[in-house]
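Inspection log for the structure reproduced underneath, given as structure tokens.
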Amino acid sequence: MAEQFDSVVEQCYTDLEQKIRDAGMNNINLERVRSAFEVAARAHDGQKRRDGSPYVTHCSAAAGIIVDMGMDEDSIVSALLHDTIEDTGLTHEDIARQFGADVADIVEGVTKLTRVNYTSREEEQMENMRKMLMAMSKDIRVILIKLADRLHNMLTMDYQTPEKQRLKSLETMEIYAPIAHRLGIQTVKWELEDLSLKYLDPVAFQTISDTIETQRPALEAFMDRMEEKIRTRLDEWNIQCTIYHRIKHTYSIYRKMYAQRLELSEILDICALRVIVDNVSDCYNVLGQVHDMFNPVPGKFKDYISTPKPNGYQSLQTTLLGAGKDTLPFEVQIRTWDMHRTAEYGIAAHWKYKSGQAGVKEGDEEKFAWVRRLLETQQDSDAEDFLSGLKVDMFADEVFVFTPKGDVVSLPAGATPVDFAYSIHSAVGNSMVSAKVNGRIVPFGQELQNGDIVEVLTSKSASGPNRDWLKLAKSGPARTKIKQWLKKERREECISLGRDMLDAEFKRAGITMNEINDAELVPVMLKKLSMSTMDDIYAAIGYGGLTAMKVANRFRDELLRVQKAATPRTALDKMNAAAERRNNRDQNAQHPIHGVLIAGLDNCLLKFARCCTPVAGDDIVGFITRGYGVSIHRTDCKNYQTGRQNPDGEGRWVDTSWAHGSEDSYVTSLVLRSVDRNALVMDIALVLTSMNAKVRSLSARGVGNGLALTNLSLEVKNRNELKAIMARLSKIPGMKEVSRANG
Ligand code: MN
């Protein structure tokens, strides 16, 4: 037996239920909706909106907007409950128990967004803010409910103080309308913009709306005539169509006035007709007919069917000049029903498809590819996952946090207060003594979450960073700054720490200092590592610039070589002697060539092998060619792996390493194996552009079985940069394998 409320509240539910029935949503469990309504009504009992109506009217109005968007049952239930965690005693567990974990998670998600403190800032901050809100809405339904909530609040904004009206309108214009736009939900976007304009520029808003109202009868009559003409013509040609007309929304007229510096009376194309047909070929047929009937305005025709907008919008768009006495220009949008739904409801449209059909159609992957593009989804989930999980992991490699002043800071995912501090300024990081997240002191290693407010406490007497911080810092710049500080401020400590670490490593490798001294290795190794004293090496190990293991290994290799020196003269010795003859001037330091140091060789011809295209940071080895100097290979190169077993190569493979601090860049090749699909090259190019990669060449070709092979040649500074690029490439939809060319 359903609970009874007073008549206002009851009416409110009746309206919502009617709306669901009118929308033809037969698969909605109305009993569950009713229970959610009752829970909300009871929880908000006694609370009033500013206009004096019971609070639950807001909840059901938000739910109504969600119904308009065509969203699913959980969304409607969550919309009814969206303010219960924030404003009533209800908890996540309470909601989960009665309505399931999904609904509880969504309501909690909306609550988190509600708690984000908004302050108006410059555009870059706005973009971070929008990204953060979307990133916080792990489930896309959270942001849609937030939009519905905001829309209803804007609809009832008249009852708020002028100050609040302005603040909320600014926030709506800067944050929520762009999010609605990005998600392609035009209807909501337009309403949000018009409502915001009403409070942000009331005079202009009033003038525009008044003018439109005065002209409305004439404009309606005009559009009726145009509509009739078009309908008659399309009937003659047997083209099935539905035609709507509308007057453009106030904010778009307002923006045009400002952008083009026009008077209101000069803005003529405020009428828009929409012709909706059954298939794409009819779209082009209709276009041909209307261009035949009216004069198209030059430069106004846009084909968004062959080239959709980034948010998925598709239509043919043209502006026509009425004929005869009807000389007003008017816009015509021509599209199919599918395109129409996407244009109106954007990302929400796919719940419409889902609710109408048992399963997901084939071809949906293509249809929702834009959703992924638009959300810059980082995970490599396929469309099936995306639809069934209803989860979107946007901006997965970034986390957005606030400074105490409300600035948004973007950090790599997994970042800690250490990263945050160094992102503000290296002096802040170096003098950090404690960190607070959301007002509570936390360990420096705590992983930051989206929306956290992070505060760093500093002191002049801070002891500064230590080596452990290198493990806590997740961002490259923070680690670099810590290393710089350690190198500069803690040299003595680093030296003694580094010496201990290297001693331990020598012990493990079975090397004694005596052996090293006997073999007179120290000068050789200093040269190799581009250091001037052993202390430099110790210090480098101490601050983390070199690893003790690497240094010990190289000492050992060198020792082994010296011990083998009794063997007959090798090719290396010959070249070495030649090099020495050529270069008998300054022998104090070894000079890297293209950033590479070759054991015992200086000033020789050097080239990078085409088979494996090594870059700085790769483990490399050199091969003394006959007459062409030294060719540098990766140690995992197939040619090296087979070549070193060849007796002919005896003594010709030489140790090589990368010099420190080289500024050279290196050309390398990648091979991409993927599904052969439309826009593949564009997606690859987008990733490369977004990573500022210097591309030398890119070519893709189909190799049968629905697969494609892409060869890519690019210029990078080092292995880390290459790895980051490869990681991003491998997340492109349909990508199967990203590998380096080898052999
Ligand atoms: Mn609300």
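Just so we're aligned, residue 399 is where the sequence shown starts under our numbering, counting upward by one.
Heads up, the beta-carbon is just placed ideally off N, CA and C, and yes, glycines get one too.
- [ ] Determine the direct distance from the alpha carbon of LEU590 to that of ASP466, and round the result to whole angstroms.
- [x] Those two C-alpha atoms are separated by around 15 Å.
- [ ] Go through the stretch 475-563 residue by residue and report every complete run of the alpha helix (DSSP H) that reaches 4 residues or more, in order.
- [x] With a minimum length of 4 residues, the continuous alpha helix (DSSP H) runs that stay inside the stretch 475-563 are 482-485, 490-497, 499-513, 521-534, 538-553.
Open item on the list: Tell me the rounded alpha-carbon separation between HIS1058 and LEU542.
Closed with: Each residue's alpha carbon lies about 51 Å from the other.
Open item on the list: Threshold first: 3 residues or longer. Then list the beta strand (DSSP E) segments lying entirely within the stretch 607-648, N to C.
Closed with: Runs found: 639-645.
TODO: Indicate, with yes or no, if ligand 1 has a heavy atom lying under 8 Å from the CB of GLU457.
DONE: Here residue 457 turns out to be Cys, not Glu, going by the sequence shown. CYS457 has its CB nearer than 8 Å to a heavy atom of ligand 1.
- [ ] Give a single yes or no on whether ASN1109 has its beta carbon closer than 8 Å to a heavy atom of ligand 1.
- [x] No, Cβ of ASN1109 sits at least 8 Å from all heavy atoms of ligand 1.
- [ ] Confirm the yes/no value for this check: CB of THR512, any heavy atom of ligand 1, distance under 8 Å.
- [x] Yes.
Open item on the list: With distance defined between alpha-carbon atoms, name the residue in ARG733, ARG623, TYR597 nearest to GLN638.
Closed with: The shortest CA-to-CA distance from GLN638 to any of ARG733, ARG623, TYR597 is the one to ARG733.
Open item on the list: Here's the rule: buried if 16 or more other CB atoms are within 10 angstroms of the residue's CB, otherwise exposed. What is THR648?
Closed with: Looking at its Cβ environment, which holds 16 or more other Cβ atoms inside 10 Å, THR648 is buried.
Task: Beta-carbon separation (whole angstroms), GLN397 vs ALA670, contact threshold 8 Å - done: There is simply no residue 397 to check, as the chain begins at 399 and stops at 1141 in what is shown.
Open item on the list: Could you give the first and the last residue of the continuous alpha helix (DSSP H) run that contains ASN915?
Closed with: 911-916 is the span of the alpha helix (DSSP H), which, as asked, contains ASN915.
Open item on the list: Given a cut-off of 9 Å on the beta-carbon distance, is the pair ARG564 and LEU598 in contact?
Closed with: Yes, they are a contact pair.
Open item on the list: Could you check if ALA434 belongs to the surroundings of ligand 1, using beta carbon to heavy atom distance under 8 Å?
Closed with: The nearest non-hydrogen atom of ligand 1 is 8 Å or more from the C-beta of ALA434.
- [ ] Can you have a look at TRP735 and say buried or exposed, based on whether 16 or more other CB atoms are within 10 angstroms of its CB?
- [x] Its Cβ having fewer than 16 others within 10 Å, TRP735 is exposed.
Task: Touching by the beta-carbon criterion (3+ pairs, under 8 Å), the stretch 437-456 and the stretch 542-555 - done: By the Cβ criterion, the stretch 437-456 is in contact with the stretch 542-555, since at least three pairs of Cβ atoms, one from each stretch, lie closer than 8 Å.
- [ ] Could you pull out every residue in the same chain whose Cβ sits closer than 8 Å to the Cβ of LYS1144, ignoring the five residues on either side in sequence?
- [x] Because the chain in this structure spans residues 399 to 1141, residue 1144 falls outside the shown range and cannot be described.
Open item on the list: If the criterion is Cβ atoms closer than 9 Å, does the pair ARG888 and TYR820 meet it?
Closed with: Going by C-beta atoms, ARG888 is not nearer than 9 Å to TYR820.
Open item on the list: With a threshold of 8 Å (Cβ to nearest heavy atom), would ASN424 be considered close to ligand 1?
Closed with: Proximity of the beta carbon of ASN424 to ligand 1 is not indicated: no heavy atom of the ligand is located closer than 8 Å.
Open item on the list: Within a Cβ cutoff of 6 Å, which residues of the same chain sit near ILE463, ignoring the five residues on either side of it in sequence?
Closed with: Apart from the 5 residues on each side of it in sequence, ILE463 sits with its Cβ closer than 6 Å to the Cβ of ALA546, LEU549 in its chain, given in chain order.
Open item on the list: Measuring CB atoms only, is the stretch 429-439 touching the stretch 477-493, in the sense that at least three cross pairs come out at less than 8 Å?
Closed with: The answer is yes - the stretch 477-493 touches the stretch 429-439, with three or more Cβ pairs under 8 Å.
Task: For GLN409 and MET423, the rounded distance between their alpha carbons - done: Computed Cα separation, rounded: 20 Å.
TODO: Could you tell me if THR878 is buried or exposed, where buried requires 16 or more neighbouring beta carbons within 10 angstroms of its beta carbon?
DONE: Burial call: exposed.
Task: Short Cβ contact (9 Å threshold) for VAL1136 with ARG1071 - done: Yes, the pair counts as a contact, with Cβ atoms nearer than the cut-off.
Task: Given SER1095 as reference, the closest of LEU1105, VAL1079, GLY908 once Cα atoms are compared - done: The shortest Cα separation from SER1095 among LEU1105, VAL1079, GLY908 belongs to VAL1079.
Open item on the list: Quick check: is any heavy atom of ligand 1 less than 8 Å from the C-beta of ASP547?
Closed with: In this structure, ligand 1 has a non-hydrogen atom nearer than 8 Å to the beta-carbon of ASP547.
Open item on the list: Taking its Cβ as the centre, do 16 or more other Cβ atoms sit within 10 Å of MET737, making it buried, or is it exposed?
Closed with: It is buried - the Cβ of MET737 has at least 16 other Cβ atoms within 10 Å.
Task: Own chain, CB closer than 6 Å to GLY1132, minus 5 neighbours either side, in chain order - done: Counting only Cβ-Cβ distances below 6 Å, and skipping sequence neighbours, we find SER1072, VAL1073, ARG1075.
Task: Beta-bridge partners of MET830, as assigned by DSSP - done: Bridge partners of MET830: THR856.
TODO: Taking the CB atoms as reference points, tell me whether HIS643 and MET655 lie closer together than 9 Å.
DONE: Result no, Cβ atoms of HIS643 and MET655 do not sit closer than 9 Å.
Open item on the list: If you reduce the DSSP assignment to three classes, tell me which class PRO1012 lands in.
Closed with: Looking at PRO1012 - three-state DSSP - the assignment turns out to be coil, as it is neither helix nor strand.
- [ ] Sort SER1067, SER1088, GLU1113 by Cα distance to LEU1107 and report the nearest one.
- [x] Between LEU1107 and the set SER1067, SER1088, GLU1113, the nearest pair of CA atoms involves SER1067.
Task: Selection from GLU956, LEU944, CYS892, MET929 that minimises the alpha carbon distance to ILE909 - done: Considering only alpha carbons, the answer is GLU956.
Open item on the list: If the criterion is Cβ atoms closer than 9 Å, does the pair LEU478 and ALA494 meet it?
Closed with: Taking 9 Å as the Cβ cut-off, LEU478 and ALA494 do not qualify as a contacting pair.
Open item on the list: Within 10 Å of its beta-carbon, does PRO1045 have 16 or more other beta-carbons around it, so buried, or fewer, so exposed?
Closed with: Classification of PRO1045: exposed, given that the 10 Å Cβ count is below 16.
Task: LEU895 versus MET929: straight-line alpha-carbon distance, rounded - done: CA-CA distance, LEU895 to MET929, rounds to 18 Å.
Open item on the list: Given this structure, state the Cα-to-Cα distance separating LYS566 from ALA578, to the nearest angstrom.
Closed with: Each residue's alpha carbon lies about 16 Å from the other.
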